[in-house]
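Peer 1: One structure coming up, written as C-alpha cells, with questions to follow.
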Amino acid sequence: MQLLVLMLSQGLHIQDRTVTQLINDKDLNFLLYDVFKLEALTDLERYQDHDKNTFDSILETAKGIATDYFAPHNAKADHHEPSFDGKQVKTIDEVKIAWQQFADAGLLCAQHDYADGGMQLPTLVNMACNAYFMSANPSTVAYSFLTAAAANLIQAFASSEQKQMFLPHMLSGRFAGTMAMTEPNVGSSLGDLTTKAISQADGSYKIKGQKMFISGGDQDITENIVHLVLARIQDAPQGVKGISLFIVPKLKTNTDGTLGESNDVQLAGLLHKMGYRGTTSTVLSFGENDNCLGYLIGEAGHGLKYMFKMMNEARVGVGLGAAMIGYRGYLESLNYAKNRPQGRLVHEKTPDAKPVNIIEHTDVKRMLLAQKSYVEGALALCLFAARLIDEHQAVQDEDSAILLDLITPVVKSFPSAYGPKANDLAIQVLGGAGYTREYPVEQCYRDNRLNPIHEGTYGIQSLDLLGRKLWQHNGKGLTLLMQRIQKTLFEIQDSKLTELADVYKQHLATVQKTTQVLGQALHQGNVSEALANSGLYLDMMGKTIIAWLWLEMANQAQLKFGTSSQQEDKAFLAGKIQAAQYFIQWELPEIEHQAKLLMNFDDTCLNMQSDWF
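Going by the numbering used here, the first residue of the sequence shown is number 72, and it counts up by one from there.
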C-alpha cells in the first residue's frame, strides 16, 4: 500500500511500468494460418520467395518494436501531448525514436516491390504487424500509417518524376505524409470544398485555402511532410467533378530530394482532443503569402477518385485501430479479472470463505465474453479484408476487389462501433480502478472514441453501403459474400456446430429478406424512406458478417481440437467456440428488431421536425 501511495504522489502511471499482452499470439496465429490460410499465399508468384519462417520473423520483429519502443510511452504521449509555441511543434523524444525504429525495420515499405526497396509482403502479414502497433500505441504509429498510405497513393497515381522526388524519402522515413481534405466549413461534404489551385507556367499550381483536422499535419519528427491536398483548379466546375489532387510539401523540395525554403504551409494551430492525444491534429493554412506550390497528381478533376485509394485504405486502417484498441482493453480487463479477488460465489454462504477472483462471477464472464466476441471478431474482419486485397493484387482477381468494396463500410464501422463498447466494458470490469488514469483502460476508451468519427461517420458509411455498394455490379458483391457464407455453412453441416449454424441461417434469411425489401423501395424511387434508417442496416450487416466469421473460427477450432495435445491449446480453442456461441445467441438476434423497423419503413426519425427538439 505504501508503494502505491508513493507512486501516486510522484505522478507515476502504473500502465507505463507494466504492459499486458498486446495481442493473444495464439489468436493471431490461429487467424493467420488456420482461418485465412496465410501459407497458401506463397503459391502465388508475388509471394513465392516467402514462407512461414519469413512471415513469423517479420511478425516477431513487429511485436518486439511495438513492445519495446511504442507501448512504453503510450501513456506519456497522452499526458504530454504535442505543443506549439507559435513557431514549432514539439513532441516527446520517444515518438521520434519509435518512428525511426519503425522506418529502419522497413515497415513503411513492407508491401512495396523489391525494386522499390520493399519486402513484397502480403497485406495479410502487414496488417497483422500493424495490429501489434495499434494495440501498443495508436497515437505514435498514426504518423507511420498515414505516411505509408500516402506513399501508396503516390505510387499508384503520380508521375514518374513525382515518384522519384518524394517516394524514396517517404519510404525511408525521411519524409512523412498526410491527407488534407476537410475544411472548416465543409466537413465530409467534399464537393463543397473551397481550396483553390491556380495554374503556373511551369506546370505547378499555387494552392490557397485552409484545411483542418489534419492528423500529423505538422510535427518535429521528420525533415519534411508531404501533404496530399484536395483543391479545385480555378474555373473548374462545382461539386466533386471539379476536385483535383495535389502533392504539397511543407518545404519546397528539389528533384534530388534536397530541401529548400518554406512552401508557405502554415500551422494555424493544434486541436486538443479527448483521445489520440499523441498525434497532432492540425489546422493548416496553404498560401497565406501566395507562395504555396502544389503538383497535380494524374488528371484534373479526378482528385476524389485518386484520394479514395487512400481513404479506403484508411477506412480499413481505422477498423483495425478500433479493433486493436478494443483488444488491448480486453486483455487488460481479462488480466485484472483473473487476479482481482473480490466477493464469493452466489451459492457460497460461509462468511469466512476465501474470496474468489472476479472472473468467477457470471456477470464478469458476460462482460469479458462480449469483449472477446467484439474484438476478436473485428480483428478477423480486418484480416479478411487484407486477404481480399492480397487475392486482388497478386492475381488480379476482380471478384475479390468487388467483395472488398462491398464490405469496406462494414470493416470501418463495426470495429469502430463495438471496439469502444468493448473498452466501456473493460472499464466496468475494473470497477473504480478502470475509471482512473493509473490503469490504461480509460485511455483506451478515449483513444477509441475517435474511430466512429474519422474517415466517414457511421451514417456516411451506412448510406454508402445501402445506397451504393450493395447494388454495384448488379449486386455481385452481395452474391460473392453469400457464396462464402454458404461454403462455411456447408462445411459444418455434420459437426457439433450444426445447432449454432441453424440459428445463424434463420437470422441470415431475415437479412436477405430485408435487403430485398429495401432494394425494391430504392428501385421504385422511395429513396428517403428506404435510406432513413440506413444505420440499422449497417449494424445488421456487420453482425451478420461477424457472426459468419465466428462460425468459421469455431469450425476451424473444432477441427483442431481433436488433434491438440496441450491443455492450454484446448482451452484456447474451447474459448473460440464459446465466444462464437455468445455472439450468435446474444448479439445476432438483435437484427430481428432492426429488420422490423427497416421493412416497416419506420419514420420516427425521418419525420421528426427540427423545432420539436
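Glycine included, every Cβ here is placed at the ideal spot set by N, Cα and C.
Out of 522, 531, 153, 528, point me to the one whose CA is closest to residue 391's CA.
Peer 2: Looking at the Cα atoms, 522 is the closest of the given residues.
Peer 1: Where are the beta strand (DSSP E) runs, 3 residues long or more, that stay fully inside the stretch 209-267, in chain order?
Peer 2: Counting only runs of 3 or more, we get 246-251.
Peer 1: What are the start and end residues of the beta strand (DSSP E) that includes residue 319?
Peer 2: Segment 314-320, the beta strand (DSSP E) holding residue 319.
Peer 1: Could you pull out every residue in the same chain whose Cβ sits closer than 6 Å to the Cβ of residue 54, ignoring the five residues on either side in sequence?
Peer 2: Residue numbering for the chain in the displayed model covers 72 to 684; residue 54 lies beyond these limits and cannot be assessed.
Peer 1: What's the call for residue 359, buried or exposed, on a 16-neighbour Cβ count within 10 Å?
Peer 2: The residue is exposed, with fewer than 16 neighbouring Cβ atoms inside 10 Å.
Peer 1: Reducing DSSP to helix, strand and coil, say where residue 332 ends up.
Peer 2: Reduced to three states, the DSSP call for residue 332 is strand.
Peer 1: Report the option in 186, 189, 180 whose CA atom is closest to the CA atom of residue 217.
Peer 2: Comparing Cα-Cα distances from residue 217 to each of 186, 189, 180, the minimum goes to 180.
Peer 1: Does the Cβ-Cβ distance between residue 479 and residue 547 come in under 9 Å?
Peer 2: Not in contact: residue 479 and residue 547 (Cβ atoms no closer than 9 Å).
Peer 1: Within 9 Å of any Cβ in chain B, is that where the Cβ of residue 298 sits?
Peer 2: Absence of chain B from the displayed structure is noted, only one protein chain being present.
Peer 1: Taking all protein chains shown into account, decide if residue 399 is buried (16 or more other Cβ within 10 angstroms of its Cβ) or exposed.
Peer 2: Buried, by the Cβ-count rule.
Peer 1: Measure how close the beta-carbons of residue 369 and residue 228 come, nearest whole angstrom, since I'm counting them as under 8 Å.
Peer 2: 5 Å between Cβ atoms; contact.
Peer 1: For residue 386 and residue 483, which I take to be in contact (beta-carbon distance under 8 Å), what is that distance rounded to the nearest angstrom?
Peer 2: Going by Cβ atoms, the distance from residue 386 to residue 483 rounds to 4 Å, so yes, they are a contact pair.
Peer 1: Can you tell me the Cα-Cα spacing of residue 524 and residue 587, whole angstroms?
Peer 2: Rounded to the nearest angstrom, the two C-alpha atoms are 29 Å apart.
Peer 1: Please report the distance separating the alpha-carbon of residue 624 from that of residue 551.
Peer 2: Cα-Cα distance, rounded: 19 Å.
Peer 1: Closest by CA to residue 170, which one among 417, 364, 293?
Peer 2: When each option's Cα is compared against that of residue 170, the closest is 293.
Peer 1: Which same chain residues end up closer than 7 Å to residue 670 when comparing Cβ atoms and leaving out the 5 residues on each side of it in sequence?
Peer 2: Same-chain partners within the cutoff: 585, 588.
Peer 1: Residue 473 lies in the alpha helix (DSSP H); which residues open and close that run?
Peer 2: That run of the alpha helix (DSSP H) goes 469-501.
Peer 1: Assuming residue 516 is part of the alpha helix (DSSP H), what are its boundary residues?
Peer 2: Where residue 516 is concerned, the enclosing alpha helix (DSSP H) stretches over 512-519.
Peer 1: Cβ atoms of residue 311 and residue 224: under 9 Å apart, would you say?
Peer 2: Result no, Cβ atoms of residue 224 and residue 311 do not sit closer than 9 Å.
Peer 1: Exposed or buried, which one is residue 329 when buried takes at least 16 other CB atoms within 10 Å?
Peer 2: It counts as exposed.
Peer 1: Which residue marks the beginning of the alpha helix (DSSP H) containing residue 576, and which one marks its end?
Peer 2: Here the alpha helix (DSSP H) through residue 576 covers 569-594.
Peer 1: Counting beta carbon pairs with one atom in the stretch 443-463 and one in the stretch 340-351, are three or more of them shorter than 8 Å?
Peer 2: In short, these stretches do not touch, since the Cβ pair count stays below three.
Peer 1: Looking at the structure shown, is residue 74 part of a helix, part of a strand, or coil, going by DSSP?
Peer 2: Reliability fails at residue 74, whose pLDDT of 35 lies under 50, so the model's placement of it is uncertain and the value that follows must be treated cautiously. Three-state DSSP puts residue 74 in a helix.
Peer 1: When the Cα of residue 418 is compared with those of 411, 432, 571, which residue comes out closest?
Peer 2: Ranking 411, 432, 571 by Cα distance to residue 418 puts 432 first.
Peer 1: Could you check where the beta strand (DSSP E) with residue 506 kicks off and where it finishes?
Peer 2: Premise fails: residue 506 is in no beta strand (DSSP E) and is neither H nor E.
Peer 1: Suppose contacts are defined by Cβ-Cβ distances below 9 Å. Is residue 559 in contact with residue 501 by that definition?
Peer 2: Contact flag unset, no.
Peer 1: Can the beta-carbon of residue 747 be found closer than 9 Å to that of residue 288?
Peer 2: There is no way to answer for residue 747, as the model of the chain reaches only from 72 to 684.
Peer 1: For residue 518 and residue 345, I'd like the C-alpha separation in whole angstroms.
Peer 2: Roughly 7 Å separates the two Cα atoms.
Peer 1: If you draw a straight line from the alpha carbon of residue 201 to that of residue 154, how long is it in whole angstroms?
Peer 2: Residue 201 and residue 154: Cα-Cα distance of roughly 27 Å.
Peer 1: Going by Cα to Cα distance, which pick from 408, 513, 461, 646 is closest to residue 107?
Peer 2: It is 461.
Peer 1: Can you list, in chain order, the residues of its chain whose CB lies under 8 Å from that of residue 635, leaving out five sequence neighbours each side?
Peer 2: Correct list, in chain order: 641, 644.
Peer 1: According to DSSP, is residue 427 helix, strand or coil?
Peer 2: It is coil, neither helix nor strand.
Peer 1: Express the C-alpha separation of residue 172 and residue 77 in angstroms, rounding to a whole number.
Peer 2: For residue 77, the predicted model reports a pLDDT of 35, less than 50, meaning its position is unreliable; a value from the coordinates is still stated below. Their Cα atoms are separated by approximately 33 Å.
Peer 1: Are three or more beta carbon pairs between the stretch 245-253 and the stretch 192-212 nearer than 8 Å?
Peer 2: With the cut-off at 8 Å, the stretch 245-253 and the stretch 192-212 do not touch.
Peer 1: With DSSP run on the structure shown, which of helix, strand or coil describes residue 560?
Peer 2: Helix.
Peer 1: Confirm the yes/no value for this check: CB of residue 337, any heavy atom of the ligand HEM, distance under 8 Å.
Peer 2: The ligand HEM is not among the ligands present in this structure, which contains no ligands whatsoever.
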